[in-house]
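With the UniProt record's numbering, the residue at position 31 of the sequence shown is 31, and numbering never jumps. Even glycine gets a Cβ: it sits at the ideal position worked out from N, Cα and C. Source: prediction; values computed, not measured. Report on the following structure.
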Amino acid sequence: MCQPCPGILVADEQLYLPMSSSTGIDTKTLPGSLRVSVCSVYSVLYSSSHRTGLLSGFQRLRSERKMCDVVLQVGGVAFPCHRALLASSSEYFWALFGETTAERLAGTVSLPAITPEGLDAILDFLYSGWLSVSPSTLPVVLEAARYLQVETAVSICERFITDGLCAENCCCYANLAERHALPDALEAANQTIALEMMVLLQENRDDLLGLNIQSLMEVLDADEIPGVKEVELANLALDWLDENGPLPLLKSNFLLSRLRFGLVAVSDLNNLSNAHKAMTTPLIRSQLTRALEYHWSGLTQPIRQSKQTTLRAAPNRVLLVGGGPSPDWPEQQVLTFDPRNRKFSPLRSGLPLRLRNHCVCSVGGFLFVIGGDEVKEGGEDGKNSVTMATTNQVWRYDPRFDCWEQVESMQERRAQFTCCVIADVIYAIGGRQTRLDASAHTSVASVEFYDMAERSWRRGAPMPCPLYGHALTVLDDCIYVSGGATKEVLHWDLKGRSWEKRAPMSIARFGHRLATVNNYIYALLGMYEPFCDIERYDSQADHWTRLRPLVTGSFGYGMASMPSGILLVFGGRRWSDGQEVIVKSVLEYDTKKDRWREICQLPRPLTGTECTLDSQLVGRDLKVGHKPVLSGSGQKIMLYFLGSRVLSIHTPKQ
């Protein structure tokens, strides 16, 4: 029986032989009385070189000006072409050379809407498949491709724009993308403008003033514009209105309403309110009034957040508060870590106090630093020494204006305690106290919480016994506490008035960390544990499961739980050759894969740091000699509106 074959090669010619539908084998008589049998099964084969050869043939005919049946006339330059190729490659030419058009038989066709350079590039593309484009020729090439409806060339130009975006060209490319309806390129260009805004304001401000209104509105609506003050964006918008106006009232309102006036200082709001006629409309005036009300709200600002007061910062940044290369002498620096590029940046303002064993949390984009042991230099008889006393102070950092403010202190002094945030309420649990005049410490079982609406700390349900060195996490709005040199786990449902015991951990832990990921609780290493075990708690089954241990144990590290389910561990201390070593590694634990790996390193060794996650805090370059602004004893500036005018500024003493 013959094998399936696509055809029979006879005398160096490939023949197509139709198959029989009855027997499956057909007998054919070829020239020269050659009889062959052909299978009914055949293959359809494709030659990848045929299309290339076809285009090469057309390109050769064009270059030699052979068989050209139409001439395209643009700007005094003639382009002999082949009508069939143009019509098969372009919707414009297909319609132009249709059966009912006057141009279908014309020998010369004029195209005054495009340039010779643009047409030449598009014709080269139609004849070869290669599009020659550069930043300088992009506008004319894209204009020709869009006009002639060569969509493949348009897509290539859009990709060229997207791949080549930078601070020097993003405004120009945004205007091109908006003009030619390239949505992907326009979105990418707008994002680049937002991220490069600081450079553009300094070096390419004229490009910003020439930006199309759609892009400017999208940029002013962006959630991430690093390193730029909101008042600078407001001034840019007003300058743009002067350059491109006057605009209809509706459009100017749409533009200015995208500004976040809650991020503008009160003194700057006063200047802006009188800076332009567009700022006096009822809509914008109402937004200015709400911004002033936000500034007046003082200590309740964290629970009065809106888009108007949300910082334009990178998402999911980790703050590393305090700590240092020595456990006995912590530093006052605050670092931010961006997990996207794995880079660290210091906040401009450091901690007001030198603290150990403190707690940190964030509410509404504000950083709270609570309690801890305040470390000071001092001593009697001129001898240098270090003193340490537990504090109950609470400090709040506002990244919008880079200032620290002391808020209501806790009712008790606490160090080596835990804190958490549930529904914008801060809870402080357990801890120990050490006074300057006493070498011993006292542990506490008390719980207190900070109600920002009332601006006061209140008592909560105390734990069954005093604890310090324990860890805490939140799951389903319930607080879980574990360890403190024991295996015990305590659970507090805020709806109830008492703590309940849960299944204990496999080992006793002190100075460890707890984290909640995907409805599970993870317990990480504490101080001086003999093994490097970590474990996971299932609250539904009330059961702990041991997981893959760390290769090398550490303690005194900072930890942050990311929304992706990743746990990040920063620095810490470990034992090496009988000595305690401060490390600068940053470890990543993938809870889904139960896998550890080192992803980067800290700028220098770090231990004793406390971490919190806040998408609204942004790192800035550290300026030598810059001291934190302590606004707890400062003054408020109030503006009073009457109609559309600001009448006065009042600075009452607190």
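Asked: Mind reading off the beta-carbon distance from glutamate 405 to aspartate 398? Whole number of angstroms is fine, and I expect it under 8 Å.; Found: 7 Å
Asked: Would a C-beta distance cut-off of 8 Å place glycine 608 and glycine 323 closer than the cut-off?; Found: yes
Asked: With a 10 Å radius around its C-beta and 16 neighbouring C-beta atoms as the bar for buried, classify leucine 249 as buried or exposed.; Found: exposed
Asked: Below 8 Å, how does it come out for the region 218-227 and the region 182-198: are there three or more Cβ pairs, yes or no?; Found: yes
Asked: Cβ of aspartate 402 less than 8 Å from any chain D Cβ?; Found: No chain D appears in the structure shown, which is made up of a single protein chain.
Asked: Could you compute how far the alpha carbon of alanine 471 sits from the alpha carbon of proline 226?; Found: 34 Å
Asked: Pick from Pro352, Arg312, Leu241 and Ser47: whose alpha carbon is nearest that of methionine 197?; Found: Arg312
Asked: Does DSSP classify isoleucine 193 as helix, strand or coil?; Found: helix
Asked: Count the other C-beta atoms from every protein chain shown that fall within 10 angstroms of the C-beta of phenylalanine 531, then say buried if there are 16 or more, exposed otherwise.; Found: exposed
Asked: If you check the beta carbons only, do threonine 391 and glutamate 374 fall under 8 Å apart?; Found: yes
Asked: How big is the Cα-Cα spacing for asparagine 244 and serine 252?; Found: 11 Å
Asked: Whole angstroms are fine: how far does the CA of glycine 511 sit from the CA of phenylalanine 555?; Found: 7 Å
Asked: Which whole-angstrom value is the C-beta distance of leucine 475 and asparagine 519, which I expect to be below 8 Å?; Found: 7 Å
Asked: Closer than 6 Å by C-beta to aspartate 424: which residues in its own chain qualify, once you throw out the five before and the five after it? Chain order, please.; Found: Ile303 and Val363
Asked: How many Å lie between asparagine 271 and tryptophan 499 at the Cα?; Found: 54 Å
Asked: Using the C-alpha atoms, what's the distance from cysteine 81 back to glycine 129?; Found: 16 Å
Asked: What residue from Thr289, Ala237 and Arg400 has the CA that sits closest to alanine 278's CA?; Found: Ala237
Asked: Of the residues Asp451, Val583, Phe97 and Ala78, which one's Cα is nearest the Cα of leucine 299?; Found: Asp451
Asked: What are the start and end residues of the alpha helix (DSSP H) that includes tryptophan 296?; Found: 282-296
Asked: Just to confirm, is the Cβ distance from isoleucine 599 to glutamate 588 under 8 Å?; Found: yes
Asked: Which runs of the beta strand (DSSP E) at least 3 residues long sit entirely within the region 358-393? Give them in chain order.; Found: 359-363, 366-370, 373-378 and 385-390
Asked: Leucine 209 to aspartate 239, Cα distance in whole Å?; Found: 7 Å
Asked: Are the region 57-70 and the region 82-93 touching, with three or more C-beta to C-beta distances below 8 Å?; Found: yes
Asked: Cysteine 170 by DSSP, collapsed to three states: which one?; Found: helix
Asked: Rounded to the nearest angstrom, what separates glycine 496 and phenylalanine 449 at their Cα positions?; Found: 15 Å
Asked: In three-state terms, what does DSSP make of arginine 403?; Found: The residue you asked about is not arginine; residue 403 is cysteine in the sequence shown. It is a strand residue.
Asked: Run through DSSP, which three-state label would residue 655 get?; Found: Lying before the first or after the last residue shown, residue 655 is absent from the chain, which here runs from 1 to 654.
Asked: Measure the alpha-carbon distance for proline 464 versus alanine 428 and round it to whole angstroms.; Found: 15 Å
Asked: Rounded to the nearest angstrom, what separates leucine 61 and asparagine 175 at their Cα positions?; Found: 38 Å
Asked: Between the alpha carbons of histidine 626 and serine 349, how many angstroms are there, rounded?; Found: Since pLDDT at histidine 626 reaches only 32, below the 50 mark, its modelled position is unreliable, and the value read off the structure follows with that caveat. One C-alpha to the other measures close to 7 Å.
Asked: From what residue to what residue does the beta strand (DSSP E) around proline 139 run?; Found: Proline 139 -> not in any beta strand (DSSP E); alpha helix (DSSP H) instead, spanning 138-147.
Asked: Looking only at its chain, what residues have a beta carbon closer than 7 Å to the beta carbon of threonine 108, apart from the 5 residues adjacent to it on each side?; Found: Val71 and Gln73
Asked: By the three-class DSSP mapping on this structure, what secondary structure does glutamate 412 have?; Found: coil
Asked: Starting from tryptophan 499, follow the alpha helix (DSSP H) in both directions and report where the run begins and ends.; Found: From DSSP, tryptophan 499 is part of no alpha helix (DSSP H); its letter is neither H nor E.
Asked: Runs of 4 residues minimum, wholly inside the region 220-286: which ones carry the alpha helix (DSSP H) assignment?; Found: 230-244, 249-256 and 266-273
Asked: Cα separation between leucine 165 and serine 345?; Found: 25 Å
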